[in-house]
Amino acid sequence: MVAGSIPVGSTKRLTFFVNLRIYVKINMEKSCKKHGLAEHGHYNNGNGRKVWKCKKCNVDAVTRKRYRLKEKAVAYKGGKCVKCGYNKCLRALEFHHTDKNKEFGIGAKGYTRSWEKVKKELDKCILVCSNCHKEIEDEIINSGVAELV
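Residue numbers (the numbering used here): 843 to 991.
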């Protein structure tokens, strides 16, 4: 056996320890002021540096940012349904793309985008309540079915 080489039977053990070290580096339990002992992740802070953050706190921050973005988007589009005027519940208001030139869905897969990108996409949409949105989509689908028959 050559000095410094790995014995044949121990490659699995070495792989386990290397993977464990990577796992511990990526997912570490630390103390959080809000959640106590919680899993932390290594996140980019925007300045090209990685920082440790509580994963639960990070999820909460993203949820708050998305909600604020939706409030801003609804206000930008007039704050009420263009068909019936509904404006009571923010969650019941949706954005309907009027043309097929759709870069992304405003709420698709929870992507958080810059306000400028969202505003550009909102200019292609109308604000409608859930009921009116379903009626609009149903009319689109039924008009296509009528053409086939």
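Where is the CB? At the ideal position from N, CA and C, for every residue including glycine. Bear in mind that the values here come from a model prediction, so they are computed numbers and not experimental data.
**Request:** For residue 946, count neighbouring Cβ atoms within 10 angstroms of its own Cβ and tell me buried if that reaches 16, exposed if not.
**Result:** Its Cβ having fewer than 16 others within 10 Å, residue 946 is exposed.
**Message:** Is it the case that the region 876-884 contacts the region 896-908, given that we only count it when at least three CB pairs across the two stretches are under 8 Å?
**Reply:** Contact holds between the region 896-908 and the region 876-884, because three or more Cβ pairs, one in each stretch, are under 8 Å apart.
**Asked** What's the gap between the Cα of residue 989 and the Cα of residue 975?
**Response** With a pLDDT of 46 at residue 989, under the threshold of 50, the predicted position of this residue should be treated as unreliable, though the coordinate-derived value follows. Approximately 22 Å, taken between the alpha carbons.
**Prompt:** Sorted by chain position, which residues of the same chain lie with C-beta nearer than 7 Å to residue 873's C-beta, five sequence neighbours on each side aside?
**Reply:** So the qualifying residues of the chain are 879.
**Among 889, 886, 948, 928, nearest to residue 914 - alpha-carbon criterion** = Taking residue 914 as reference, the option from 889, 886, 948, 928 with the minimal CA-CA separation is 948.
**Request:** Using only alpha-carbon positions, find the residue among 963, 956, 903 that is nearest to residue 940.
**Result:** Looking at the Cα atoms, 963 is the closest of the given residues.
**Message:** Excluding the 5 residues flanking residue 870 on each side, which residues of the same chain have their C-beta closer than 6 Å to its C-beta?
**Reply:** Answer for residue 870: 882, listed in chain order.
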